[in-house]
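As structure tokens, the structure follows; a few thoughts come after it.
Laid out in structure tokens, this is it:
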């Protein structure tokens, strides 16, 4: 093939070098290549690999996201207490520093792996993959992945989870879904936490919080939870039961389950055509 | 912020492409960014030269192509513009919509010079 005299250009491929074509050369002798690559394809590839691991071992994986202090670890503690008689549970904890959260979970007799991210503001699929090597997946039914407390970055990284849960605690205010649309749009379930504080924080409207989630075109259930009121936990535990079952049935049919919204190139096909 | 790690992923892809094309140097690239990608275009531009340093893309220019937020209404079937925190149909105001554009984070174009210069 000759790139100098142009003899390699045929009727079939000349559109590629025409202006706007895939291999169009500019006047300065440089070339431009049109591509369509999702910037996070490396992460998404690893996430798909994690998801395969989970499915092969029948592990249902849930990614918990929220701002710091919204009650992710408390929700996990309460969930572990309520579910450990019928499910084998493990937890991956993401934090910038400390083993505190993993220790809280371990003290309840459940295996927990702490990922300390240093200055990274989110977990990514590679970090989760490394953590998986410390767990025996065949001994796990539900894996909770507690992401770094942050309403921005975790939303951009697929970890291989089957479902996303985004928490919004009452003290944060009911307009958080409007302020941080990316993470609330990604939720398969929105948990309004610390609802025992509603009587004192009466400017928080659960209806408005729900409306703000709907305005993101998200039909996910919006549950009102308080770990201090065990009755309020029932809908959350029921949802987990239902999703575990849904996942189990999917695995039997050889289908995987993915969060409603993928921060990846699902739309690339639409763009490419 | 995660824009630097996204820039590093971008550079990895650009370098792989450049090697594949036997490029000597990358001159510029275009990245399409939608507001719902969770990535801030301004921060991406700031982080880019840092991530590009010492690579084939050092000194190259990053152009950001803003992608609009568009939704398709499942109720009335119309497509319309929307905003990041109000993805409702502009025609019938129903919130049951599908996003058709606005969450992309894609490398769409790379301009480079090959190892053997053209005469």
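Chains as they are written, first to last, in this note's numbering: chain S, 13 to 285; chain G, 1074 to 1192.
The beta-carbon is built from N, C-alpha and C at its ideal position, and this holds for glycine as well.
Item: Taking 8 Å as the CB-CB limit, is residue 46 (chain S) close to chain G?; Value: yes
Item: Which of the residues in the stretch 50-79 of chain S, read from start to end, lie with their CB under 8 Å from any CB of chain G?; Value: 50, 51, 52, 53, 54 and 55
Item: Is it true that the CB of residue 189 (chain S) sits closer than 8 Å to the CB of residue 162 (chain S)?; Value: no
Item: Taking Cβ-Cβ distances shorter than 9 Å, what residues in chain G pair up with residue 217 (chain S)?; Value: Under the 9 Å cutoff, chain G gives no residues; its nearest Cβ is about 17 Å from residue 217 (chain S).
Item: Excluding the five sequence neighbours on either side, which residues of its own chain have a C-beta within less than 6 Å of the C-beta of residue 99 (chain S), listed in chain order?; Value: 153 and 154
Item: In whole angstroms, give me the CA-to-CA distance for residue 1109 (chain G) and residue 113 (chain S).; Value: 30 Å
Item: I want to know whether the stretch 121-128 of chain S touches the stretch 202-220 of chain S - three or more CB-CB distances under 8 Å.; Value: no
Item: Excluding the 5 residues preceding and the 5 following residue 228 (chain S) in the sequence, name in chain order all residues of the same chain whose CB lies nearer than 7 Å to its CB.; Value: 189, 193, 196 and 197
Item: So who's on the other strand from residue 1146 (chain G), going by DSSP bridges?; Value: G:1170
Item: Below 8 Å between beta carbons: does that hold for residue 205 (chain S) and residue 181 (chain S)?; Value: yes
Item: Please state if the CB of residue 1103 (chain G) and the CB of residue 1139 (chain G) are separated by a distance shorter than 8 Å.; Value: no
Item: DSSP three-state call for residue 1085 (chain G): helix, strand or coil?; Value: helix
Item: Inspect the CB distances between the stretch 259-268 of chain S and the stretch 94-111 of chain S and report whether three or more fall short of 8 Å.; Value: no
Item: Can you name the residues of chain G whose CB is closer than 9 Å to the CB of residue 161 (chain S)?; Value: The premise fails here: residue 161 (chain S) is roughly 14 Å from chain G at the closest Cβ pair, so nothing lies under 9 Å.
Item: Give me the DSSP bridge partner(s) of residue 113 (chain S).; Value: Residue 113 (chain S) is not bridged to any residue.
Item: Among the candidates S:239, S:240, S:235 and S:257, whose CA atom is the shortest distance from the CA of residue 247 (chain S)?; Value: S:235
Item: Along the stretch 1154-1181 of chain G, what residues have a CB closer than 8 Å to any CB found in chain S?; Value: 1157, 1158, 1159, 1160, 1161, 1168, 1169, 1170, 1171, 1172, 1173, 1174, 1176, 1177, 1178, 1179, 1180 and 1181
Item: Checking contacts by CB at 8 Å: is residue 1139 (chain G) closer than that to chain S?; Value: no
Item: Any idea what DSSP makes of residue 283 (chain S), helix, strand or coil?; Value: Confidence at residue 283 (chain S) is low in this model, with a pLDDT of 43, below 50, so its placement is unreliable and no value can be given for it.
Item: So is residue 1135 (chain G) in contact with chain S if we call contact Cβ pairs under 8 Å?; Value: no
Item: In terms of alpha-carbon separation, which member of S:103, S:259 and S:52 lies closest to residue 1075 (chain G)?; Value: S:52
Item: Compare the beta carbon distance of residue 1118 (chain G) and residue 1188 (chain G) with 8 Å and say whether it is the shorter of the two.; Value: no
Item: What residues in its chain sit with their C-beta under 7 Å from that of residue 116 (chain S), if we drop five residues either side in the sequence?; Value: 85 and 89
Item: Using a Cβ-Cβ cut-off of 6 Å (strictly less than) and excluding sequence neighbours within five positions of residue 249 (chain S), which residues of its own chain qualify?; Value: 94
Item: Go ahead and pull the three-state DSSP assignment for residue 261 (chain S).; Value: helix
Item: Would you decide whether residue 281 (chain S) is buried or exposed? Buried here means 16 or more other CB atoms lie within 10 Å of its CB.; Value: Because the pLDDT at residue 281 (chain S) is just 37, under 50, the model does not fix this residue reliably, and the value given afterwards should be weighed accordingly. Its Cβ having fewer than 16 others within 10 Å, residue 281 (chain S) is exposed.
Item: If you draw a straight line from the C-alpha of residue 54 (chain S) to the C-alpha of residue 175 (chain S), how long is it?; Value: 21 Å
Item: In the structure shown, what three-state DSSP assignment does residue 58 (chain S) receive?; Value: helix
Item: Quick one, are the C-beta atoms of residue 164 (chain S) and residue 1111 (chain G) less than 8 Å apart?; Value: yes
Item: Please report the straight-line C-alpha distance between residue 1129 (chain G) and residue 1174 (chain G), rounded to a whole angstrom.; Value: 31 Å
Item: Grouping DSSP H, G and I as helix and E and B as strand, with all else coil, what is residue 162 (chain S)?; Value: coil
Item: When the cut-off is 8 Å and only beta carbons count, does residue 1152 (chain G) lie next to chain S?; Value: no
Item: Tell me whether the beta-carbon of residue 146 (chain S) lies closer than 8 Å to the beta-carbon of residue 157 (chain S).; Value: no
Item: Could you check which residue in S:191, S:231, S:202 and S:237 has the C-alpha nearest to that of residue 288 (chain S)?; Value: Because chain S spans 13 through 285 in this model, residue 288 (chain S) falls outside it and cannot be assessed.
Item: For the putative contact between residue 72 (chain S) and residue 202 (chain S), defined by C-beta atoms under 8 Å, what is the C-beta separation to the nearest angstrom?; Value: No, residue 72 (chain S) and residue 202 (chain S) are not in contact; Cβ-Cβ is about 19 Å, not under 8 Å.
Item: Should residue 1145 (chain G) be flagged as near chain S, meaning a C-beta pair shorter than 8 Å?; Value: no
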